[in-house]
Amino acid sequence: MNEELVLLGKRIAYLREKYGFTQEKLAEKIHYSPNHISKLESARTNPSFDLLLKIANVLNIEVLELFDYKQQKLNLELMKNEIQSMLNVSNVHEIELLYKIYKAITK
């Protein structure tokens, strides 16, 4: 999965929540389906520039702000490192449980 697309999706989700929108409400305002917003935020689809413009307009921000995800990038690296640390000290049972949880939430 493209890391930049993941970061963009997380940034859109963060800004949407920051400005008090649910996925459903944002979708309604920009005339897209909530499913499309979900796919966008989870990096399962590439957004068009038109879609990014619509999101920025509804959130009353500049399009550039959608790409200001330095903090999210740092958080992503911290999460990866923490997961790696957990795996390094976990026993077989804990690793199997973590794997099952991961598979369940990524379906």
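In our numbering, the protein residues as written are 446 to 552.
Don't be surprised by glycine CBs; every beta carbon is placed ideally from N, CA and C.
(request) Return helix, strand or coil for lysine 458, following the three-state DSSP convention. (result) For the purposes of this step, residue 458 is taken as residue 13 along the sequence shown, with counting starting at 1. A small fix is needed here, since residue 458 is alanine in this sequence, not lysine. DSSP, read as helix, strand or coil, puts alanine 458 in helix.
(message) With distance defined between alpha-carbon atoms, name the residue in Asn526, Arg489, Asp495 and Asn502 nearest to arginine 461.
(response) Mapped onto the sequence shown, residue 461 falls at position 16. Closest by alpha carbon: Asn502.
(message) Please return the same chain residues whose Cβ sits closer than 6 Å to the Cβ of tyrosine 514, not counting the five positions on each side in sequence.
(response) In the sequence shown, counting from the first residue as 1, residue 514 sits at position 69. So the list reads Leu452 and Arg456, once near-sequence residues are dropped.
(message) Rounded to the nearest angstrom, what separates alanine 549 and glutamate 469 at their Cα positions?
(response) Taking the sequence shown and counting its residues from 1, one reaches residue 549 at position 104. Taking the sequence shown and counting its residues from 1, one reaches residue 469 at position 24. Near 24 Å, if we compare the C-alpha coordinates of glutamate 469 and alanine 549.
(request) Classify phenylalanine 466 as buried or exposed, calling it buried when 16 or more other Cβ atoms lie within 10 Å of its own Cβ. (result) Working through the sequence shown from its first residue, we reach residue 466 at position 21. By the 10 Å Cβ count, phenylalanine 466 comes out buried.
(request) Keeping to the same chain, check which residues put their C-beta closer than 6 Å to that of tyrosine 464; ignore five residues upstream and five downstream. (result) Indexing the sequence shown from 1 puts residue 464 at position 19. If we look at tyrosine 464 and ignore the five residues flanking it on each side, its Cβ neighbours are Leu504.
(request) Go ahead and pull the three-state DSSP assignment for alanine 549. (result) Against the sequence shown, residue 549 aligns to sequence position 104. Helix, per DSSP.
(request) Please state whether DSSP places phenylalanine 494 in a helix, a strand or coil. (result) Taking the sequence shown and counting its residues from 1, one reaches residue 494 at position 49. DSSP places phenylalanine 494 in helix when its eight states are reduced to three.
(request) Figure out for me which residue from Ser478, Leu511 and Ser487 has the closest Cα to the Cα of phenylalanine 494. (result) Here residue 494 is taken as the residue at index 49 of the sequence shown, counted from 1. It is Leu511.
(request) May I ask you to report which of helix, strand or coil DSSP gives alanine 488? (result) For the purposes of this step, residue 488 is identified with residue 43 of the sequence shown, where counting begins at 1. DSSP places alanine 488 in coil when its eight states are reduced to three.
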